[in-house]
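To keep things clear, I will list the structure first and then write my remarks on it.
2 protein chains.
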Amino acid sequence: MALKVALLGCGVVGSQVVRLMQEQADDLTARIGTPLELAGVAVRRLGRRRDIDVDPALFTTDAEALATRDDVDIVVEVIGGIEPARSLIMAAMNSGKSVVTANKALLAEDGATVHGAARANDADLYFEAAVAGAIPLIRPLRESLAGDRVRRVLGIVNGTTNYILDKMDSSGASFSDALEEAQALGYAEADPTADVEGFDAAAKAAILAGIAFHSRVTAADVHREGITEITATDVASAKAMGYVIKLLAICARSDDGRSFGVRVHPAMIPRTHPLAGVREAYNAVFVEAESAGRLMFYGAGAGGAPTASAVLGDLVAVARNRLAGARGPEESTYADLVVHPMGETVTRYHVSLDVADKPGVLARVADMFAKQDVSIQTVLQEGRGDDAQLVLVTHRATDAALSATLEGLRELDIVRDVVSVMRVEGEDAS
Amino acid sequence: MALKVALLGCGVVGSQVVRLMQEQADDLTARIGTPLELAGVAVRRLGRRRDIDVDPALFTTDAEALATRDDVDIVVEVIGGIEPARSLIMAAMNSGKSVVTANKALLAEDGATVHGAARANDADLYFEAAVAGAIPLIRPLRESLAGDRVRRVLGIVNGTTNYILDKMDSSGASFSDALEEAQALGYAEADPTADVEGFDAAAKAAILAGIAFHSRVTAADVHREGITEITATDVASAKAMGYVIKLLAICARSDDGRSFGVRVHPAMIPRTHPLAGVREAYNAVFVEAESAGRLMFYGAGAGGAPTASAVLGDLVAVARNRLAGARGPEESTYADLVVHPMGETVTRYHVSLDVADKPGVLARVADMFAKQDVSIQTVLQEGRGDDAQLVLVTHRATDAALSATLEGLRELDIVRDVVSVMRVEGEDAS
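Chains as they are written, first to last, in my numbering: chain A, 182 to 611; chain B, 182 to 611.
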């Protein structure tokens, strides 16, 4: 007896899910122990030309009816966004279906509701495809590392911004030129906000942090900065110092282990760091655990086929569970750790200042750092006629201390401008 | 009610398993839903000083009695080797226990027997720790990629040999000096045969190939060459050409998809390839799947704590299954593909010859390649008085064609010596 699959959404990912279900039908049957059968495909509009070969009778615009149909066993949601995806997933689970979703926005915004419904209905909710496309990350984090303690997750989880930053780094292009090229190549959308402002990465960071630290995390808990302010000059001066700028998602336990921070922002990492070599639209994530040490996962973080591969992996797992009358691991939030405010984040900083070029300037600047207990590792001063550029790299300090330092610096008459401030990451992680 | 765990073996890995079970007891209880309790530890000799804090009454030399004890739920086997590990695992499964093992040798030598027993007893057999230590590889391959078609697995799966080759590359050391250093640092054993002759990597390759291609593979199916013949000159000349020599495990589907090859041998890879940057005793594995594309997994491939982390992850999964009355995915060999002989392997080759330095030599050498249909990509000739060194890199050709070419070359009077032959990998995989 076949297991019946309802597909909600038939865009880039959905059509690849259908293709794989067809092309690999025999393999899937062998791996699951019974065939999968496509019960229906919910779309917004009928009659649209699609790249897949499916009986037209399977298409419907009534997603809810399909998701709750008696003969459906598993619902695959690849619509994205909060609504109607959430209502559909809830309806499906309340009707006893297992659910596979690629919906990072929903899980990050309102994971509590959907995970709660999974628990209440004893239903499977799998979402490997929601983070980093084809890269197995959710399963390793929640299963392979289930006997370990994760300290930190640090990675490149947005392909669009990585493509743009990589282009800026390799060609010296400005942000807007690199964005335009990414759009022309289909790596960035017409409205690139979700990517370049870090919303997409923040949703993924929230999901990863929740799993890594067994706590509930939402997108609102994530400190988020995008890459729109990064200039060609920032990229070039990072390059000159042996660094590359990447948009990182960082989930890190505090030193006492009782809280953690989640943040997404551009940062400088040494060119020798493995993440520095992640080019174009690829993704890569470092996971540091107490016993496992440092692990890295690398691959295509987006795209129809890679994301569909992750969906299919979940589909096989959910189907096997269904046959066995079992279910996979449910949401784990027992640790209930606190997300600490950004001010408590400890990292290093690269600060570039325009200052007056006269005696005593360095002493006064250095004094401002010292007052806030921010220790300086390196200083580079370069005269340019009347004024000078001062580039400082600090030792580890809290975000709050650095902010207070910057405030103080801005009040000094000898500081003409705080040109740029960038966090420095990854020097202890390679 | 606690789930009772019998630990067979208490060496480097076993003692770390005990430590983690103790230190993370609360977390494990929360993640599983019930506590794990150490029911006993089977050791070869009692009264030995150990680094763990365990009630001495838990130690026993009667491993079989412990593994089959009525109150034991899960057996963790970290003894290694074929016997008595196999008998103990069989006895445990025949008594209805679930089993977690790190035993690559047994799985590669006689996987059929232990997997068969798991199936017959409806028991779980988990073995993430058997390949690449803490790196999640088994679970991603058999679960995350369950809906995809794996084309190739290519990686560094032996830390000892990677340490030695990395040392030879970075310091110019000879094989024996690098081996000595690895031994002094504990990366290599007193008898390094299993590592340096490629047996360890071959066992892992067999396990990976079996999972990747859903077929049964044993160590005997693996073409195996070690690194003992690699000279400092080989390493230096690879370096001069922009390559680094690594011991690779390669499992690759044939172009028609109906067979596959499994091999372990030293190979030259371009320095720009991500595997080239894998230093010291680290491991890294590339997996190429049709839809997922190229994935890489990187981390510590050995060591007590990393391996114990993998064991604990399996322990949590097996414990959850036990509570749910379910079991994980069983061995999948339905595809039953043929392992093709080494002669059918297609790759590129770097061949270094000592030849007489006179007119017509290159033509005669090139003709020998052409006769076997082996196409040459680059040639470098360097005169050295009476004779010359000829370095050729070929395009893709079968191993059989290359072997026939070499045989022909050795018969030419103008060829004084075939100095070295090395496969070139990874140029299409970065």
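Where is the CB? At the ideal position from N, CA and C, for every residue including glycine. What you are looking at is a predicted structure, and each value in this text was computed from that prediction instead of being measured.
Item                                                                                                                                                                                        : Value
Is the beta carbon of B/ILE270 sitting closer than 8 Å to the one on B/VAL295?                                                                                                              : yes
From B/ALA301 to A/PRO216, what does the alpha carbon distance come to, in whole angstroms?                                                                                                 : 23 Å
Is B/ILE426 helix, strand or coil by DSSP?                                                                                                                                                  : strand
Please name the residue or residues paired with B/HIS576 in a DSSP beta bridge.                                                                                                             : Partner(s): none; B/HIS576 has no beta bridge.
Within the continuous alpha helix (DSSP H) that includes B/ARG212, where are the two ends?                                                                                                  : 206–213
Do we get a CB-CB distance below 8 Å when we pair B/ARG452 with the residues of chain A?                                                                                                    : no
Excluding the five sequence neighbours on either side, which residues of its own chain have a C-beta within less than 8 Å of the C-beta of B/SER611, listed in chain order?                 : Because B/SER611 carries a pLDDT of 30, less than 50, the predicted location of this residue cannot be relied on, and no value is offered for it.
Specify the secondary structure class of A/SER611 as computed by DSSP and reduced to three states.                                                                                          : Only weak support exists for where A/SER611 lies, its pLDDT of 30 falling under 50; the coordinates are left without a value.
Taking all protein chains shown into account, decide if A/SER418 is buried (16 or more other Cβ within 10 angstroms of its Cβ) or exposed.                                                  : buried
Measure the beta-carbon distance from B/ALA311 to B/THR282 and round it to whole angstroms, keeping in mind my assumption that it falls under 8 Å.                                          : 7 Å
Count the other CB atoms within 10 Å of the CB of B/LYS552; is the residue buried (16 or more) or exposed (fewer)?                                                                          : exposed
List the residues of chain A that B/GLY442 touches, going by C-beta distances under 8 Å, in chain order.                                                                                    : Within chain A, no residue comes near B/GLY442; the closest Cβ sits about 20 Å away, beyond 8 Å.
Measure the CB-CB distance between A/SER325 and B/GLY494 and report whether it falls below 8 Å.                                                                                             : yes
Since A/ILE345 sits in a beta bridge, which residues does DSSP pair it with?                                                                                                                : Beta-bridge pairing links A/ILE345 to no other residue.
Excluding the five sequence neighbours on either side, which residues of its own chain have a C-beta within less than 8 Å of the C-beta of A/ALA481, listed in chain order?                 : GLY314, ALA315, ILE316, GLY340, ALA462, TYR463, ASN464 and PRO487
Determine the extent of the beta strand (DSSP E) in which B/PRO447 is found, giving its start and end residues.                                                                             : 440–451
Determine, using beta carbons only, whether B/ALA393 comes closer than 8 Å to chain A.                                                                                                      : no
Rounded to whole angstroms, what is the Cα-Cα separation between B/CYS432 and B/ARG460?                                                                                                     : 22 Å
Could you name each continuous alpha helix (DSSP H) segment of 4 residues or more that falls completely within the region 466–553 of chain A, going from the start of the chain to the end? : 485–505 and 542–552
Taking Cβ positions, are B/GLY379 and B/GLY336 nearer each other than 8 Å?                                                                                                                  : no
A/LEU573 CB to nearest chain B CB: under 8 Å?                                                                                                                                               : no
Figure out for me which residue from B/ALA582, B/ALA386, B/ASP535 and B/ASP329 has the closest Cα to the Cα of B/GLN562.                                                                    : B/ASP535
For chain A, find out if any of its Cβ atoms is closer than 8 Å to the Cβ of B/GLY337; answer yes or no.                                                                                    : Looking at the sequence shown, residue 337 of chain B is not Gly but Ile. Chain A, which has no Cβ nearer than 8 Å to the Cβ of B/ILE337, makes this no.
Of all the options B/LEU573, B/LEU583 and B/ILE392, which has the alpha carbon lying nearest to the alpha carbon of B/GLN558?                                                               : B/LEU573
Decide if A/ILE595 is buried, meaning its Cβ has at least 16 other Cβ atoms within 10 Å, or exposed.                                                                                        : buried
Check A/VAL186 in the structure and name its three-state DSSP category.                                                                                                                     : strand
Determine the contact status of A/THR579 and A/THR526, defining contact as a CB-CB distance below 8 Å.                                                                                      : yes
Is it buried or exposed for B/ASP402, if we count other Cβ within 10 angstroms and need 16 for buried?                                                                                      : buried
Quick one: residues in its chain with C-beta nearer than 6 Å to the C-beta of B/LEU543, no 5 flanking neighbours on either side, listed in chain order?                                     : none
Please report the straight-line C-alpha distance between B/GLN203 and B/VAL222, rounded to a whole angstrom.                                                                                : 14 Å
Does the structure place the region 357–364 of chain B close enough to the region 341–351 of chain A that three or more beta carbon pairs sit under 8 Å?                                    : no
Counting along the chain, where does the alpha helix (DSSP H) carrying A/VAL615 start and finish?                                                                                           : Lying outside 182 to 611, the shown extent of chain A, residue 615 of chain A is not represented and no answer is given.
Taking C-beta pairs closer than 9 Å, name the residues in chain A that B/GLU497 reaches, listed in chain order.                                                                             : The residue you asked about is not Glu; residue 497 of chain B is Val in the sequence shown. Within 9 Å Cβ-Cβ: GLU324, ALA327, GLY328 and PRO510.
Counting only C-beta atoms, is B/TYR479 closer than 8 Å to chain A at any point?                                                                                                            : yes
Should B/LEU476 be flagged as near chain A, meaning a C-beta pair shorter than 8 Å?                                                                                                         : yes
Mind pulling the chain A residues with CB within less than 7 Å of B/GLU309?                                                                                                                 : SER325
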